[in-house]
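Engineer: A single structure is presented below for examination.
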Amino acid sequence: MGRIISVTNQKGGVGKTTTNINLSAALTLAGKKVLTVDIDPQGNTTSGLGVDKNSLPKTLYNLLLGECYIEEALVETKVNNLYLLPSNINLAGAEIELIEFNNREYMLKRILDNCKNFYDFIFIDCPPSLNILTVNALSASDTMLVPIQCEYYALEGLSQLLRTMDMVKNRLNPFLRLEGVVFTMFDSRTNLSMQVVDEVKKHLPNDIYKSIIPRNVRLAEAPSHGVPICVYDGRSKGADSYAMLAEEVLARDIL
4 MGRIISVTNQ
14 KGGVGKTTTN
24 INLSAALTLA
34 GKKVLTVDID
44 PQGNTTSGLG
54 VDKNSLPKTL
64 YNLLLGECYI
74 EEALVETKVN
84 NLYLLPSNIN
94 LAGAEIELIE
104 FNNREYMLKR
114 ILDNCKNFYD
124 FIFIDCPPSL
134 NILTVNALSA
144 SDTMLVPIQC
154 EYYALEGLSQ
164 LLRTMDMVKN
174 RLNPFLRLEG
184 VVFTMFDSRT
194 NLSMQVVDEV
204 KKHLPNDIYK
214 SIIPRNVRLA
224 EAPSHGVPIC
234 VYDGRSKGAD
244 SYAMLAEEVL
254 ARDIL
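Here it is, written out as structure tokens:
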């Protein structure tokens, strides 16, 4: 049975989509079958995996509204054993349309419960806000993985996110837990990056991944080519970092 992990942070620009794409791909290189779900109307995971989000006949939007079967929306990516439920700007309308549905917080859970036995991991790339789409993702997930950019406001965003997790646990998904925190855009040349890492470790000493994702030019270039970093430049520091993160995720899965 696949483990469902929401990659989420209510703050934008923290490397959430980058982590979703590249961790998913790194796990396929470890022999795992992975589904990634793009539940962000911006569709950055979709385009970052080389899929033209504006020409798709069916997307997650249609799936959430019950207008198609999962097989009609599912897309094979350029990476072997990595599959995608894509999205585009149409998904923004789902927030309004889902109001009419009973148990609207569980629409995604119903979909993923029917397919999670076919995958080792399912990752959900969440929007940078707490809306009905994010709530759907967290209601469907086993765990929550939080990318944190090494910057001044990181702790403030983390505390907000942990409050959100507690709210979802109390009201919608009592089994939700924290998968872990991964530091992104780390610059070893600055004292601030080190200070952020040290401060977060004080608050969550047992939930921090040892793998730290550096600022890396090749990592930033990969989305424009529509492939993960392991395909674009498998020898880069970015590729090595996500490979190490995948090993940690697998180790936690064994535990």
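Quick note: the sequence shown uses this note's numbering, first residue 4, plus one each step.
Think of the CB as a built atom: it goes at the ideal place given N, C-alpha and C, for glycine as much as any other residue.
By the 10 Å Cβ neighbour count, where 16 or more other Cβ atoms means buried, how is V40 classified, buried or exposed?
Structural biologist: The residue given as residue 40 occupies position 37 in the sequence shown. With 16 or more other Cβ atoms within 10 Å, it is buried.
Engineer: Tell me which residues share the same chain as M110 and place their Cβ nearer than 7 Å to its Cβ, disregarding the 5 neighbours each side in the sequence.
Structural biologist: The residue labelled residue 110 in the question sits at position 107 within the sequence shown. So the qualifying residues of the chain are L67, L101, F104, N139.
Engineer: Consult DSSP for L179 and reduce its assignment to one of helix, strand or coil.
Structural biologist: If you number the sequence shown from 1, residue 179 lands on position 176. Coil.
Engineer: Spatial neighbours of L133 within its chain, please: CB distance less than 8 Å, with the 5 preceding and 5 following residues excluded, ordered by chain position.
Structural biologist: Here residue 133 is taken as the residue at index 130 of the sequence shown, counted from 1. The residues are Q13, T167.
Engineer: Which same chain residues, not among the five before or five after I92, have their C-beta less than 6 Å away from its C-beta?
Structural biologist: Walking along the sequence shown from the start, residue 92 turns up at place 89. Excluding sequence neighbours, I92 sits near P44.
Engineer: Since T20 contacts G51 with CB under 8 Å, what's their CB separation in whole angstroms?
Structural biologist: Counted from its first residue, the sequence shown places residue 20 at position 17. Counted from its first residue, the sequence shown places residue 51 at position 48. Yes, T20 and G51 are in contact; Cβ-Cβ is about 6 Å, under 8 Å.
Engineer: Given a threshold of 16 other Cβ atoms within 10 Å of its Cβ, counted over all protein chains shown, does V1 qualify as buried or as exposed?
Structural biologist: For the chain, the structure presents residues 4 to 258; residue 1 sits outside this window and is missing.
Engineer: In the DSSP assignment, find the unbroken alpha helix (DSSP H) run with I127 in it and report its ends.
Structural biologist: To locate residue 127, count along the sequence shown from 1; it is residue 124. Run containing I127: none in the alpha helix (DSSP H); it sits in the beta strand (DSSP E), 124 to 128.
Engineer: Considering only C-alpha positions, which residue in the set N65, I24, P226 is nearest to I114?
Structural biologist: Here residue 114 corresponds to residue number 111 of the sequence shown, with the count starting at 1. The shortest C-alpha separation from I114 is found at N65.
Engineer: Give the secondary structure of T22 by DSSP, where H, G and I count as helix, E and B as strand, and everything else as coil.
Structural biologist: Within the sequence shown, the letter at position 19 stands for residue 22. It is helical.
Engineer: By a C-beta neighbour count over all protein chains shown, 10 Å radius and 16 as the cutoff for buried, is Y72 buried or exposed?
Structural biologist: Within the sequence shown, the letter at position 69 stands for residue 72. Label assigned to Y72: exposed.
Engineer: Expressed to the nearest angstrom, what Euclidean distance is found between the alpha-carbon atoms of L164 and G183?
Structural biologist: Taking the sequence shown and counting its residues from 1, the one referred to as residue 164 is at position 161. Taking the sequence shown and counting its residues from 1, the one referred to as residue 183 is at position 180. Distance between the alpha carbons of L164 and G183: 12 Å.
Engineer: So what's T49 in DSSP terms, helix, strand or just coil?
Structural biologist: Numbered from its first residue, the sequence shown carries residue 49 at position 46. Note: T49 maps to helix in three-state DSSP.
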